[in-house]
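**Student:** Line by line, the protein sequences give chains A and B. The first sequence maps to residues 124 to 460 in my numbering. The second sequence maps to residues 124 to 460 in my numbering. Positions of the beta carbon are idealized from the N, C-alpha and C atoms, including for glycine.
Number of protein chains: 2
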Amino acid sequence: MKSNIVLIGSGGVGTIAAYGLELGGKASVTAVVRSDYNVVVNKGYKIDSCDYGHVESFKPTNVVDSVEKAVEYGPFEYVLVTTKNLPDIFKVEDLVAPLVSETSTIVLLQNGVDIGADVIKRYPKNVVLSGVSMISSTNHNGFIHHEGKDSLKIGYFINENLSIESQKNASERFVSIYLNGKNECTYDEDVKYTRWRKLVYNATLNSICTLTGVDVGRLELFGGVDSMVRSAMREVLAIAKSDGVDLPEDIMDFMIRSDDGIYYSPSMLVDLRKGNYIESEVICGNAVRTAKRNNVSCPNLELIYNLLCVIQMKTKEAKGLVTVPKERPIPQNGECS
Amino acid sequence: MKSNIVLIGSGGVGTIAAYGLELGGKASVTAVVRSDYNVVVNKGYKIDSCDYGHVESFKPTNVVDSVEKAVEYGPFEYVLVTTKNLPDIFKVEDLVAPLVSETSTIVLLQNGVDIGADVIKRYPKNVVLSGVSMISSTNHNGFIHHEGKDSLKIGYFINENLSIESQKNASERFVSIYLNGKNECTYDEDVKYTRWRKLVYNATLNSICTLTGVDVGRLELFGGVDSMVRSAMREVLAIAKSDGVDLPEDIMDFMIRSDDGIYYSPSMLVDLRKGNYIESEVICGNAVRTAKRNNVSCPNLELIYNLLCVIQMKTKEAKGLVTVPKERPIPQNGECS
């Protein structure tokens with residue numbers, strides 16, 4: 124029997140996941156599609172993919188426009204989350220709530236570190252998998268442009284209420300379902316390492332490009348890699364170490380060189396340019412909080428994070444989530460009234 | 124006999140200075156006017172001023188469109204510079220070169236710290252005055268909107284080749300020429316202190332608003348004053364101290380509260396929004412360099428400065444001062460080829 128999977132987050136990453144899962148024949152996918160719902164229901168996704176070639180029209184088995192409407196197609200073996208992870212805007216554990224049954228495994232295919240704890244706390248009896256994706260794929264109004272091979276690492280966020288065996292089994296079964304002969308997916312014994320490794324890039328190059336408004340190539344040409352990125356990366360390595368993850372020094376240059384040849388705009392910069400929220404909390408905030416817990420000094424990351432927080436508030440104001448009083452309030456006793 | 128003064132920099136600050144000087148009757152002003160030249164020659168400046176009321180048309184005694192063309196109206200007793208101070212774009216000491224005679228006093232009415240040294244080095248026999256302006260005045264195409272009383276402090280950048288007396292005399296004479304009964308101008312025994320004091324605001328609130336794209340009011344409402352401004356201010360105080368300037372702790376809250384009631388956008392933010400260069404070198408760069416010379420730790424200011432440097436490079440690219448190669452170069456031996 125096919126695995127019944129619900130997908131929340133139909134961007135470039137999620138849609139390629141849905142396509143690959145259905146192509147492999149081992150899963151049936153219910154996709155929660157919000158902004159592109161009409162396009163997808165009427166015409167399906169159009170896909171140009173380095174792994175799958177040109178696909179004129181792809182429709183997942185079920186397409187719904189809200190999490191609530193997905194419920195009727197459950198229960199789901201896997202609840203696959205590929206949205207941006209924005210805990211300051213919405214909580215993943217709230218988002219998935221209607222879809223998680225006793226036997227569901229939740230899969231977070233998202234950026235950041237320390238993103239499993241709150242989900243495990245809410246669903247202590249469910250396995251929560253940790254997916255770290257290496258893919259370059261974008262979605263513009265239902266047109267998926269997939270340039271970088273889908274290569275996924277899957278492990279689990281350790282839940283001490285559950286047996287290691289059940290968590291490992293859920294991981295390995297997901298890997299076997301995901302693999303379709305054209306993509307890459309492996310079980311990762313130490314996915315926490317893999318998350319911190321990716322953060323070496325995201326907390327530094329991604330953040331600093333976002334703050335300065337330039338791509339990684341310009342950041343290097345304009346001196347910012349030498350003046351800022353390396354010291355911030357060293358802080359990430361120190362925080363990772365305090366969290367039990369020992370990354371090699373040469374990961375820094377590997378990440379600095381990872382976009383060689385292209386003027387690559389990393390994800391938060393792209394989000395900011397589009398007027399969207401940025402994943403500053405899970406990328407920088409969680410790292411800084413880990414540093415504070417473990418008494419690791421990280422002045423650069425802390426300032427980077429605090430700057431990004433103000434920028435996020437600006438986006439909240441623009442989207443109407445925060446209202447700025449017409450008259451500037453004067454703080455009373457140190458609090459803004 | 125009237126003092127013969129040449130003014131370079133006809134923005135909101137410079138034009139009010141020119142008007143005030145001519146009004147006082149003790150000076151004749153030759154103004155170097157670049158972008159507004161045609162407007163000013165044909166119609167004069169239109170001024171709305173809290174000090175001087177409405178002025179339908181003001182033309183300085185001489186109006187020229189380049190420094191070179193001002194030469195014929197010399198020699199000048201005072202060479203008054205009210206341009207932005209942008210040493211990464213042009214050097215003040217180069218700019219004033221055609222106008223400085225043996226007897227000229229150079230007056231830098233500009234932001235930043237440590238801006239006198241290079242001018243003194245180039246003109247070791249000339250007095251160089253240091254002017255710190257408190258004014259709120261803008262120029263839009265020859266229309267001057269002057270909201271905050273013109274209050275100027277004048278001292279001198281210490282030049283050890285010259286007698287204290289001659290430097291003090293040049294300062295006091297400038298003050299007496301500048302005063303016209305409607306403005307404020309005082310001789311400042313310790314203008315270095317006054318410069319560092321102003322930097323407590325500019326290196327922190329001004330810079331951080333520029334990096335986050337919000338005014339001072341929003342910065343406070345969005346948490347940035349508490350999360351960033353105070354620690355950066357503490358660094359400015361430490362650097363000032365290492366430079367012999369002992370600022371009181373309560374200057375921090377004074378500066379934080381100095382724009383109370385208004386959503387004020389500080390100068391570098393305004394410059395950046397207009398696509399203009401920002402005074403990051405004299406405001407942040409010189410402070411950070413002083414810190415390095417004196418072994419003062421300032422991780423926040425250093426990162427702020429390095430971020431602003433990349434933003435300045437982006438403006439240089441936009442203005443054609445820097446060209447980014449079509450193909451992203453791969454550094455050879457750590458250098459961008």
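Anything in the stretch 427-443 of chain A with a Cβ closer than 9 Å to a Cβ of chain B? List those residues in chain order, please.
**Tutor:** The stretch 427-443 of chain A vs chain B, Cβ under 9 Å: Ile427, Tyr428, Asn429, Leu430, Leu431, Cys432, Val433, Ile434, Gln435, Met436, Lys437, Lys439 and Glu440.
**Student:** I'd like to know whether the C-beta of B:Leu328 is nearer than 8 Å to at least one C-beta of chain A.
**Tutor:** False, the Cβ-Cβ gap to chain A never drops below 8 Å.
**Student:** Distance, Cα to Cα, B:Asn234 vs B:Ala293?
**Tutor:** Their Cα atoms are separated by approximately 21 Å.
**Student:** How long is the line joining the alpha carbons of A:Val323 and A:Gly347, rounded to whole angstroms?
**Tutor:** Going by the C-alpha atoms only, they are around 16 Å apart.
**Student:** Do A:Asp273 and A:Ile139 have their C-beta atoms within less than 8 Å of each other?
**Tutor:** Their beta carbons are under 8 Å apart, which means A:Asp273 touches A:Ile139 by this criterion.
**Student:** Measuring only the C-alpha atoms, how far is A:Val314 from A:Ile277?
**Tutor:** Cα-Cα distance, rounded: 7 Å.
**Student:** Considering only the alpha carbon of each residue, which of B:Thr446, B:Ser381, B:Ala363 and B:Pro371 lies closest to B:Thr413?
**Tutor:** If we check each option's Cα against that of B:Thr413, B:Ala363 comes out closest.
**Student:** Going by Cα to Cα distance, which pick from B:Lys169, B:Asn417, B:Asn423 and B:Gln455 is closest to B:His263?
**Tutor:** Looking at the Cα atoms, B:Lys169 is the closest of the given residues.
**Student:** Any idea if B:Lys321 is buried or exposed, counting beta-carbon neighbours within 10 angstroms, 16 or more meaning buried?
**Tutor:** Looking at its Cβ environment, which holds 16 or more other Cβ atoms inside 10 Å, B:Lys321 is buried.
**Student:** Taking the beta strand (DSSP E) that A:Ser180 belongs to, which residues open and close that run?
**Tutor:** Taken as a continuous stretch (DSSP letters only), the beta strand (DSSP E) holding A:Ser180 covers Gly176 to Phe181.
**Student:** Between B:Cys459 and the rest of its own chain, which residues show a CB-CB distance below 8 Å, the 5 nearest in sequence each way excluded?
**Tutor:** Here B:Cys459 scores only 46 on pLDDT, less than 50, and its place in the model should not be relied on; the value that follows carries that caveat. Pro452.
**Student:** Excluding five sequence neighbours on each side, which residues of the same chain lie with their C-beta closer than 7 Å to the C-beta of A:Arg157?
**Tutor:** Same-chain partners within the cutoff: Asp188.
**Student:** Under the rule that 16 or more other beta-carbon atoms within 10 Å means buried, what is A:Phe297, buried or exposed?
**Tutor:** Buried, because 16 or more other Cβ atoms sit within 10 Å of the Cβ of A:Phe297.
**Student:** My output table needs one value for A:Asp217: the three-state DSSP class, helix, strand or coil.
**Tutor:** Of the three classes helix, strand and coil, the one that applies to A:Asp217 here is helix, per DSSP.
**Student:** Does the Cβ-Cβ distance between B:Val129 and B:Val236 come in under 8 Å?
**Tutor:** No, Cβ-Cβ distance for B:Val129 and B:Val236 is not below 8 Å.
**Student:** Any idea which residues DSSP pairs A:Leu252 with across the strands?
**Tutor:** According to DSSP, which records beta bridges pairwise, A:Leu252 is partnered with A:Val230 and A:Tyr279.
**Student:** Let me know the secondary structure DSSP gives B:Leu334 once reduced to three states.
**Tutor:** Helix, per DSSP.
**Student:** Could you tell me which chain A residues have their CB closer than 9 Å to the CB of B:Thr413, listed as they occur along the chain?
**Tutor:** What B:Thr413 touches in chain A: nothing, since even the nearest Cβ is about 18 Å away.
**Student:** Could you have a look at A:Asn262 and say whether DSSP puts it in helix, strand or coil?
**Tutor:** DSSP places A:Asn262 in strand when its eight states are reduced to three.
**Student:** Report yes or no: is there a C-beta of chain A within less than 8 Å of the C-beta of B:Asn325?
**Tutor:** Judged by the 8 Å Cβ criterion, B:Asn325 is not in contact with chain A.
**Student:** So for B:Ser133, helix, strand or coil by DSSP?
**Tutor:** Coil at B:Ser133, not helix or strand.
**Student:** By Cβ distance below 6 Å, which residues in the same chain neighbour A:Leu334 in space, the five residues on each side in sequence not counted?
**Tutor:** So the list reads Leu430, once near-sequence residues are dropped.
**Student:** Would you call the stretch 298-308 of chain B in contact with the stretch 352-369 of chain B, where contact means no fewer than 3 C-beta pairs closer than 8 Å?
**Tutor:** Counting Cβ pairs under 8 Å, fewer than three are found: no touch.
**Student:** With H, G and I counted as helix, E and B as strand and the rest as coil, what does DSSP make of A:Asp171?
**Tutor:** Residue state, collapsed to three classes: strand.
**Student:** Could you tell me whether the Cβ of B:Phe345 comes closer than 8 Å to any Cβ of chain A?
**Tutor:** At least one chain A Cβ lies under 8 Å of B:Phe345.
**Student:** Please list the terminal residues of the continuous beta strand (DSSP E) segment that includes B:Cys308.
**Tutor:** Its beta strand (DSSP E) spans residues Glu307 to Tyr310.
**Student:** Does the beta-carbon of B:Glu270 have 16 or more other beta-carbons within 10 angstroms, so that it is buried, or is it exposed?
**Tutor:** Its Cβ having fewer than 16 others within 10 Å, B:Glu270 is exposed.
**Student:** Cutting at 6 Å between CB atoms, please list the residues of its own chain near B:Ser133, excluding the five before and the five after it.
**Tutor:** Counting only Cβ-Cβ distances below 6 Å, and skipping sequence neighbours, we find Ala154 and Val156.
**Student:** Residues in its own chain within less than 6 Å of B:Lys192 by CB, not counting five upstream and five downstream?
**Tutor:** Once the five neighbours on either side are set aside, B:Lys192 has no close Cβ partner at all.
**Student:** In the stretch 372-422 of chain B, which residue ranges form an unbroken alpha helix (DSSP H) of at least 4 residues, counting only runs that do not cross its ends?
**Tutor:** Correct list: 374-379, 390-396 and 409-416.
**Student:** Could you tell me the alpha carbon to alpha carbon distance between B:Val230 and B:Gly197, rounded to whole angstroms?
**Tutor:** Distance between the alpha carbons of B:Val230 and B:Gly197 is about 16 Å.
**Student:** Among B:Lys248, B:Ala240 and B:Cys407, whose alpha-carbon lies nearest the alpha-carbon of B:Thr226?
**Tutor:** If we check each option's Cα against that of B:Thr226, B:Lys248 comes out closest.
**Student:** What residue from A:Pro454, A:Leu444 and A:Leu328 has the CA that sits closest to A:Met378's CA?
**Tutor:** For the residues A:Pro454, A:Leu444 and A:Leu328, the minimum Cα distance to A:Met378 belongs to A:Leu328.
**Student:** Alpha helix (DSSP H) containing B:Thr184: first to last residue?
**Tutor:** Element bounds for B:Thr184: n/a, residue is neither H nor E.
**Student:** For the beta strand (DSSP E) that B:Thr153 lies in, which residues bound it at each end?
**Tutor:** Here the beta strand (DSSP E) through B:Thr153 covers Ala150 to Val155.
**Student:** Could you tell me if B:Val255 is buried or exposed, where buried requires 16 or more neighbouring beta carbons within 10 angstroms of its beta carbon?
**Tutor:** The residue is buried, with at least 16 neighbouring Cβ atoms inside 10 Å.
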